[in-house]
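Taking it in order: structure first as structure tokens, then the write-up.
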Amino acid sequence: MDIKKLRIMTRMTQKAFADYFNIPVRTLQDWEAEKRTPPPYVAELIKYKIEKERLGMLRLVEKDHGEEKVLMEGILEEIIEYLKENEEIYNWVLDEDPTAEMPCFDGVEGRRDLECELAKVDLSWWSLEVREIA
């Protein structure tokens, strides 16, 4: 995974990411613009730290009549993939409301996009939510 994807996964600005990992901003900009290439071990160390400290991690939560159940935790891409592979989690909504619009996860690029898609199957008493893991 390249440095830019790692930064986007954490939802940090270039400055915040550079400060957090003690990298000069200009160096980060050069890496992202592919003007320079970081040593492979640097990308691996950054990835390891992100995973260890759970930066950019999200939690998919099912709310049913006030009860909450964590369905999975992961980065945005993993949650989208999980939802695509497990349509039965939300497709039953069509039984309740045949006119309901089903979510489409193909164009989702960020958490806000995902929240908009999940809002399509919000029945007030049942919903799916994405939360940032603190």
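All the letters of the sequence shown, read from the start, carry residue numbers 5 to 138 under my numbering.
In this text, a Cβ means the ideal position worked out from N, Cα and C, and glycines have one as well.
No residue range can be given for R58, since it is assigned to no beta strand (DSSP E) and is classified by DSSP as neither H nor E. Ranking K8, I50, P44 and P43 by CA distance to the CA of N26 puts I50 first. By the Cβ-count criterion, V74 is exposed, with fewer than 16 other Cβ atoms from all chains shown falling within 10 Å of its own Cβ.
A buried status is given to I84, since no fewer than 16 other beta-carbon atoms sit within 10 Å of its beta-carbon. For L127, there is no enclosing beta strand (DSSP E), as DSSP marks it with neither H nor E.
In the DSSP assignment, G78 is bridged to L62.
The secondary-structure analysis by DSSP pairs V134 across a beta bridge with L64. Boundaries of the alpha helix (DSSP H) harbouring N95: E92 to N95, taken from the DSSP string.
Counting C-beta pairs closer than 8 Å gives fewer than three between the stretch 108-119 and the stretch 30-48, which falls short of the contact rule. The C-alpha of E119 lies about 14 Å from the C-alpha of W130.
Counting along the chain, the unbroken alpha helix (DSSP H) around A22 starts and ends at Q18 to F25. Per DSSP, reduced to three states, the secondary structure at K88 is helical.
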